[in-house]
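Following the working numbering, the numbering of the sequence shown begins with 30 at its first residue and continues without gaps.
We put the CB at the ideal spot given by N, CA and C, even for glycine.
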Amino acid sequence: PRVAARGGRRRGARRRRGALAMAAPGTHRVGAFARVTGLERTPHLNGEISELLRQTDAGRWVVRVRSSLKAVRPENLHPAAAEVPDAARRGFGGAAAATAHLLLELARSGGNRAPTAALLPTSVLIWIITTLAGCYWLHRPLSAPEAVLPGISEMGVAPPARGVYRGGSAMVGLSLASTIRLYSTLLLPHLADGAAAGRAAESTNMGYVAALGVALQGVFTLETGLSGQTLLHFAGAIAFVLGTMWHADASNALFADLGDTALAASPAARVAIGVRRACSEGLPVMLLLVPVGLQVWHWATGSESKGRLQNMIGIAQWALVLNFAVFYCTYACDFWVVLEAS
């Protein structure tokens, strides 16, 4: 009996580890999403995400894939996760409530308390990581088996990951816009004299563009076919990337000459400035060009390594977004130094 009990505990531990690695897939039903696999006559559709529309008398499912309709056997459709677990819902709601409390505290104090001011850009990093991790876990049943990291936009295509993607992106946009507001009121007065006023306004405005972009691409998620919503999604993603890069360029120029400010006297602030430069000068362009170059090479050579290409694109996207998250998070140090010195 003791051996059997130990064996049962080991099997239960393995099942729990499997549950943590991947959300449970759902069932075939109208309106659900599924990944197409194992097609022999149309192999170019393998790996595509489709929407189940209806079931035929022969038992096949009519799906919408790449803006066209196709009848597919159930065994060639791997359905998405069924729903967001209750524990994840409560955790997401608690994080949203904590963020709302932080924003209210900042409004009451006018952003003049160092701990709460420093928490705001930190929340941008936390929300980005939480959103990506939650979407990855819920999207895993739809991911190709060989996929290391799916494309970020792909994780917002189907529910239940789509709900987390939208909610998390909205919270990132709100936290980022509030961070840019504090940046303009706490840091720019120490950096922008008359000659630098134009760069100060540029850095602020582009920060708001980035915040609007991340919220826009989250609300208007990617669809399986070309549509107005898909175009809005890509417009938001481009606004986030270009807005961040433009903001970073102007911000780095402003921080190049600190004069006799409290930021100049703080080793921690100088480290934060160095991290921002490392995150924004050269690395984003490289992360953008690598997948584009691989895609061009794939088209030019006719290579069949589609899975490897998708992995490289996914890894580059995750690295770019996390790089920007770290960039914005370092403002926490600047906020703390300026407020503690005042």
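Under 8 Å between C-beta atoms of residue i and residue j
| i | j | result |
| --- | --- | --- |
| Ala-109 | Ala-187 | yes |
| Leu-271 | Leu-245 | no |
| Ala-266 | Gly-227 | no |
| Trp-18 | Ala-143 | Outside the shown range of the chain, which is 30 to 371, sits residue 18, and nothing can be said about it. |
| Tyr-194 | Thr-160 | yes |
| Asp-363 | Leu-216 | yes |
| Gly-192 | Ile-342 | no |
| Ser-79 | Ala-63 | yes |
| Ala-268 | Val-314 | no |
| Ser-309 | Phe-356 | yes |
Residues bridged to residue i (per DSSP)
| i | result |
| --- | --- |
| His-107 | Arg-64 |
| Arg-83 | Val-91 |
| Ile-78 | Arg-64 |
Residue range of the beta strand (DSSP E) that includes residue i
| i | result |
| --- | --- |
| Ala-100 | 97-101 |
| Arg-228 | Element bounds for Arg-228: not the beta strand (DSSP E) but the alpha helix (DSSP H), 226-248. |
| Arg-93 | 90-94 |
Reference residue i, options the options, closest by Cα
| i | options | result |
| --- | --- | --- |
| Pro-103 | Pro-313, Arg-95 and Thr-66 | Thr-66 |
| Leu-251 | Tyr-360, Gly-185, Leu-133 and Leu-106 | Gly-185 |
| Ala-240 | His-276, Thr-85, Val-304 and Val-177 | His-276 |
| Met-235 | Ile-209, Pro-218, Gln-324 and Arg-191 | Ile-209 |
| Gly-247 | Thr-85, Thr-259, Cys-308 and Tyr-357 | Thr-259 |
| Thr-214 | Ala-229, Gly-202, Leu-81 and Arg-137 | Ala-229 |
| Leu-149 | Ala-162, His-130, Gly-163 and Val-177 | His-130 |
| Glu-231 | Ala-307, Glu-69 and Ala-282 | Ala-282 |
| Gly-139 | Val-113, Phe-249, Ser-207 and Thr-253 | Ser-207 |
| Glu-77 | Thr-233, Ala-370 and Val-94 | Val-94 |
| Leu-368 | Thr-145, His-107, Leu-318 and Ile-157 | Thr-145 |
Cα-Cα separation, residue i to residue j
| i | j | result |
| --- | --- | --- |
| Asp-289 | Leu-211 | 21 Å |
| Asn-352 | Ala-87 | 50 Å |
| Gly-122 | Asp-286 | 42 Å |
| Ala-124 | Arg-118 | 10 Å |
| Val-92 | Arg-83 | 7 Å |
| Arg-299 | Leu-292 | 7 Å |
| Ala-361 | Pro-72 | 49 Å |
| Trp-105 | Glu-134 | For clarity, residue 105 is Asn in the given sequence; the question names Trp instead. When rounded, the distance between both Cα atoms is 52 Å. |
| His-219 | Ser-97 | 57 Å |
| Ala-199 | Ala-354 | 15 Å |
| Ala-50 | Ala-126 | Confidence is the limiting factor: at Ala-50 the pLDDT is only 48, short of 50, which leaves the residue's position unreliable, though a coordinate-based value still follows. About 27 Å. |
| Pro-358 | Arg-89 | Pro is not the amino acid found at residue 358; the sequence shown has Cys there. Cα to Cα, Cys-358 sits roughly 50 Å from Arg-89. |
| Ser-280 | Gly-303 | 12 Å |
| His-57 | Pro-170 | 13 Å |
| Leu-178 | Asn-340 | 6 Å |
Residue i - containing alpha helix (DSSP H), residue span
| i | result |
| --- | --- |
| Arg-195 | 190-211 |
| Ala-136 | 115-138 |
| Asp-289 | No alpha helix (DSSP H) contains Asp-289, which DSSP labels as neither H nor E. |
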